[in-house]
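Peer 1: This structure is in structure tokens; I'll ask about it shortly.
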Amino acid sequence: MKLLKIGAAMLVTLALATGCAPASEEGATEEATARVHLYQQPQGFNTLAPTGGADEMISQLQFQSLAQLYPGGEITPELAESWEIAPDAKSITFTLAADLKWSDGEPLTAEDVVFSYNLYANPTTGSYYSGNLAGISGAADVAAGTATELSGITAPDDRTVTIAFDEPNAAALSTLTGFGARILPAHKLEDVALDALSTSEFFKSPDVGSGPYVFSEWVNDDLVKFAPNTSFRVTPALDAVFAQFMTSDAAVAALQAGDLDAVQLQASDVADLAGGDYDIERSSPTSFRAFYSALDSGKLADSRVRQAIMYAIDRKALTENLYGGEATVIDTIALNPAWAVPSGLNDYAYDPEKATDLLEEAGWDFDTLVRLEVVPGDRDRDNALTIIAEQLNKVGIKAEVTPYEAAAIGEAVGNRDFDMLLSGGNLAPDPSFLSDVLTCAQVETGGNISGYCNPELDALLAEGKATLGDDQRAPIYAEAQAIINEEVPILPMYATNTIFAVSKKLSGFIPSSTPFLGAADWKIVTP
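If you read the sequence shown in our numbering, its first letter stands for residue 662, the second for the next number, and so on.
Laid out in structure tokens, this is it:
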């Protein structure tokens, strides 16, 4: 492979940033640190607004959720030590771990949970997560502006939170936990005006957190330092954690030079990295790639055009040739659990002639420019976009790769100004998450960025969420998945393995699309 050289200035910056004392300094001791690669440049910690992948990663280290999804689909306690779902699935009660504290020593209680969910439910805050909470009692009033608090969330004591739903919610746990539901500190944010929260300085440089490591400083625009949270429920073992943005090639070079401890690899790098002072670790597909389009802009409003695009892209060749078996073609973004994926879905096998026929049938204007938008930094994904653009041009779609700065992507989505945004998502443990990204109600709340609306699908997804028992839910979701497969409001591409090269001295690292998962257990060991 072609190895990029990192300049001396970069190496000096890394050495200083990671706290490694110069060898010539008498009596100096080397700090125990972990240096983790980010594939995009981070902007901040705003958990309310749509953000890039790097922002989600560093926020996951700073703020914890009630529970967290781990690779393999297991939901694991985080701030909550346990939970109980009512027999009728109309409520769920969380019990927080004992003696939780924020990093400034203030107690973290059930009131922080209530406060946070009220923020997420309120569109005035700019929350993109409000749609996920639509089923909670009182959510409609908060969304309409006639209430500021969810009547369905109560805290009978400091360690107990009960969340009630208008209808049975068989997937309450997966809906209410994870990366989009991090708990925020009420004592720091309760006096900030709701419409000023998203631009609050707190989300750029938070001085309070709940994770094992919390924000310390922006060393520069690409490098963020985290300090151990001395109020965390277990004592963190490291002196500092660093999140470092680099391009894929630079990150691999830094790894080989010993200047990064965990690097998310491109599939094309795996074969070239055997035998170093690091281990190659992977998890089976935990994330997917798909195209999202602002359907209300008109370009891809006709389902026949979207079908044509699916037939025009040789996804099988992409996964085999570009990803080398580290990716799998998918025909739905709801792959878990297995019972939720019906047989007989159209696999949209590569067929450029059929693609052209569908475009002509739809009356496609072959002079229309279609932007393939992406935030660069993931080499395999960037290369895939170049190939996809060529394949679309072959069937008459004038496709052009259009890179975005990370800071601009949320604005483009908010302005409904995107044609084909290639983005990722974490594979959810339950198909009910389709309600959050495809129902009509979510268009206004921001969860449904495609703007797709189909009342028939809405009814099926609502029924699936309210029905108990896998055997009873399976046929409902089969019908819903058939509609989605036919209409392709979101264009699924492939699911990818998550692959990391991890220094042999870093123990406890979990390969995941959010690399700070499990950071509380990280240790530096002698290989």
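Even glycine gets a Cβ: it sits at the ideal position worked out from N, Cα and C.
1) DSSP three-state call for aspartate 940: helix, strand or coil?
2) Buried or exposed: where does threonine 980 fall if 16 or more other Cβ atoms within 10 Å of its Cβ makes it buried?
3) Rounded to whole angstroms, what's the CA-CA distance from histidine 848 to serine 798? Just pull it up for me.
4) Do the segment 1145-1152 and the segment 1106-1114 meet, that is, are 3 or more Cβ pairs less than 8 Å apart?
5) Thinking C-alpha only, which one of Lys1165, Phe952, Glu878 and Leu1118 is nearest proline 703?
6) Tell me the residue span of the alpha helix (DSSP H) that contains tyrosine 874.
7) Taking DSSP as the reference, what is the three-state secondary structure of alanine 901?
8) Hey, could you find the ends of the alpha helix (DSSP H) phenylalanine 776 is sitting in?
9) Which partner residues of glycine 1086 appear in the DSSP bridge assignment?
10) Look up isoleucine 1144 in the DSSP assignment and say whether it is helix, strand or coil.
11) For serine 1164, I'd like the list of residues in its chain whose CB is within less than 6 Å of its CB, leaving aside the five on either flank, ordered along the chain.
12) Could you pull the DSSP bridge partners for phenylalanine 893 from this structure?
13) Helix, strand or coil for tryptophan 1000 per DSSP?
14) Could you give the distance in angstroms between the alpha-carbon of arginine 976 and the alpha-carbon of tyrosine 1011?
15) So, is leucine 1030 buried or exposed, given that buried needs 16 or more other C-beta atoms within 10 angstroms?
16) Is the Cβ-Cβ distance between glycine 937 and glutamine 917 less than 8 Å?
17) Please state the DSSP three-state secondary structure of serine 1173.
18) Please report the distance separating the alpha-carbon of aspartate 930 from that of isoleucine 991.
19) Starting from the C-beta of valine 1104, find all residues in its chain whose C-beta is less than 7 Å away, skip the five residues before and the five after it, and write them out in chain order.
20) Is the beta carbon of glycine 792 less than 8 Å from the beta carbon of aspartate 1097?
21) Using beta-carbon positions only, say whether isoleucine 753 and leucine 811 come within less than 8 Å of one another.
22) Taking the alpha-carbon of glycine 1125 as reference, which of Ala1181, Leu1083 and Ala1001 has the nearest alpha-carbon?
23) Using a 10 Å radius around the Cβ and a threshold of 16 neighbouring Cβ atoms, would you call phenylalanine 776 buried or exposed?
24) Straight-line CA distance for phenylalanine 1177 to glutamine 721?
25) Tell me which residue opens and which closes the beta strand (DSSP E) that leucine 699 is part of.
26) Pull up the distance between the alpha-carbon of threonine 838 and that of asparagine 707, whole angstroms please.
27) Could you name the residues of the same chain whose beta carbon sits closer than 8 Å to that of alanine 932, not counting the 5 residues immediately before and after it, in chain order?
28) For glutamate 692, is the classification buried or exposed, using 16 other Cβ atoms within 10 angstroms of its Cβ as the cut-off for buried?
29) Is it buried or exposed, alanine 804, if we count other Cβ atoms within 10 angstroms and call 16 or more buried?
30) Mind checking who arginine 1032 pairs with in its DSSP beta bridge?
31) Look up leucine 845 in the DSSP assignment and say whether it is helix, strand or coil.
32) For proline 946 versus threonine 1157, is the C-beta distance shorter than 8 Å?
33) Measuring alpha carbon to alpha carbon, tell me which of Leu769, Ala962, Lys865 and Leu855 ends up nearest serine 892.
34) Serine 764: buried (16+ other C-beta within 10 angstroms of its C-beta) or exposed?
35) Flag this pair as yes or no: are the beta carbons of alanine 842 and leucine 727 separated by less than 8 Å?
36) With methionine 1154 as the anchor, note down where its beta strand (DSSP E) starts and where it stops.
Peer 2: Reading it off the structure:
1) The residue you call residue 940 lines up with position 279 of the sequence shown. If DSSP states are grouped into helix, strand and coil, aspartate 940 belongs with the strands.
2) Here the question's residue 980 lines up with position 319 in the sequence shown. Its Cβ being crowded by 16 or more others within 10 Å, threonine 980 is buried.
3) The residue given as residue 848 occupies position 187 in the sequence shown. The residue given as residue 798 occupies position 137 in the sequence shown. Rounded to the nearest angstrom, the two C-alpha atoms are 25 Å apart.
4) Yes: the two stretches touch, three or more of their Cβ pairs being nearer than 8 Å.
5) The residue you call residue 703 lines up with position 42 of the sequence shown. Among Lys1165, Phe952, Glu878 and Leu1118, the Cα nearest to that of proline 703 belongs to Glu878.
6) For the purposes of this step, residue 874 is taken as residue 213 along the sequence shown, with counting starting at 1. Run containing tyrosine 874: none in the alpha helix (DSSP H); it sits in the beta strand (DSSP E), 874-881.
7) Translated into positions along the sequence shown, residue 901 becomes position 240. Looking at alanine 901 - three-state DSSP - the assignment turns out to be strand.
8) To locate residue 776, count along the sequence shown from 1; it is residue 115. Where phenylalanine 776 is concerned, the enclosing alpha helix (DSSP H) stretches over 771-782.
9) Locating residue 1086 in the sequence shown gives position 425, where the first residue counts as 1. Glycine 1086 is bridged to Phe949.
10) By one-based count along the sequence shown, residue 1144 stands at place 483. Isoleucine 1144 carries a helical assignment under DSSP once its states are collapsed to helix, strand and coil.
11) Working through the sequence shown from its first residue, we reach residue 1164 at position 503. Same-chain partners within the cutoff: Asp922 and Tyr939.
12) The residue you call residue 893 lines up with position 232 of the sequence shown. BP columns for phenylalanine 893 are empty, so no partner.
13) Along the sequence shown, read from residue 1 onward, the residue named residue 1000 stands at position 339. If DSSP states are grouped into helix, strand and coil, tryptophan 1000 belongs with the helices.
14) As a first step, residue 976 is located in the sequence shown; it is residue number 315 there, counting from the start. As a first step, residue 1011 is located in the sequence shown; it is residue number 350 there, counting from the start. Cα-Cα distance, rounded: 7 Å.
15) Start at 1 with the first residue of the sequence shown, and residue 1030 comes out as number 369. Classification of leucine 1030: exposed, given that the 10 Å Cβ count is below 16.
16) Stepping through the sequence shown from its first residue, residue 937 is reached at position 276. Stepping through the sequence shown from its first residue, residue 917 is reached at position 256. Yes, the Cβ-Cβ distance between glycine 937 and glutamine 917 is below 8 Å.
17) The residue given as residue 1173 occupies position 512 in the sequence shown. Coil at serine 1173, not helix or strand.
18) Along the sequence shown, read from residue 1 onward, the residue named residue 930 stands at position 269. Along the sequence shown, read from residue 1 onward, the residue named residue 991 stands at position 330. If you draw a straight line from the Cα of aspartate 930 to the Cα of isoleucine 991, it comes to about 23 Å.
19) The residue labelled residue 1104 in the question sits at position 443 within the sequence shown. Excluding residues within five positions, the ones whose Cβ falls inside 7 Å are Gly1112 and Cys1114.
20) The residue you call residue 792 lines up with position 131 of the sequence shown. The residue you call residue 1097 lines up with position 436 of the sequence shown. A contact, by the Cβ cut-off of 8 Å.
21) Taking the sequence shown and counting its residues from 1, the one referred to as residue 753 is at position 92. Taking the sequence shown and counting its residues from 1, the one referred to as residue 811 is at position 150. Note that the C-beta distance between isoleucine 753 and leucine 811 is not below 8 Å.
22) As a first step, residue 1125 is located in the sequence shown; it is residue number 464 there, counting from the start. The option with the nearest alpha carbon to glycine 1125 is Ala1001.
23) Sequence index remark: in the sequence shown, residue 776 carries index 115 (1-based). Buried: at least 16 other Cβ atoms inside 10 Å.
24) Looking up residue 1177 in the sequence shown gives position 516. Looking up residue 721 in the sequence shown gives position 60. Cα to Cα, the separation comes out at about 7 Å.
25) In the sequence shown, residue 699 corresponds to position 38, counting from 1. Residue range 694-699 is occupied by the beta strand (DSSP E) that includes leucine 699.
26) Position 177 of the sequence shown, counted from the start, is the residue given in the question as residue 838. Position 46 of the sequence shown, counted from the start, is the residue given in the question as residue 707. Rounded to whole angstroms, threonine 838 and asparagine 707 show a C-alpha spacing of 17 Å.
27) What you label residue 932 is simply residue 271 of the sequence shown in a count that begins at 1. Taken in chain order, the residues that qualify are Gly985.
28) Against the sequence shown, residue 692 aligns to sequence position 31. The residue is exposed, with fewer than 16 neighbouring Cβ atoms inside 10 Å.
29) Taking the first residue of the sequence shown as 1, we reach residue 804 at position 143. Flag for alanine 804 reads buried.
30) Stepping through the sequence shown from its first residue, residue 1032 is reached at position 371. Arginine 1032 is bridged to Glu1061.
31) As a first step, residue 845 is located in the sequence shown; it is residue number 184 there, counting from the start. In the three-state DSSP reduction, leucine 845 falls in the coil class, being neither helix nor strand.
32) Within the sequence shown, the letter at position 285 stands for residue 946. Within the sequence shown, the letter at position 496 stands for residue 1157. Yes, the pair counts as a contact, with Cβ atoms nearer than the cut-off.
33) Counted from its first residue, the sequence shown places residue 892 at position 231. Of Leu769, Ala962, Lys865 and Leu855, the residue nearest in Cα terms is Leu769.
34) Here residue 764 corresponds to residue number 103 of the sequence shown, with the count starting at 1. That one is buried.
35) If you number the sequence shown from 1, residue 842 lands on position 181. If you number the sequence shown from 1, residue 727 lands on position 66. Contact flag set, yes.
36) If you number the sequence shown from 1, residue 1154 lands on position 493. Judged by DSSP secondary structure, methionine 1154 falls within the beta strand (DSSP E) whose first and last residues are 1152-1164.
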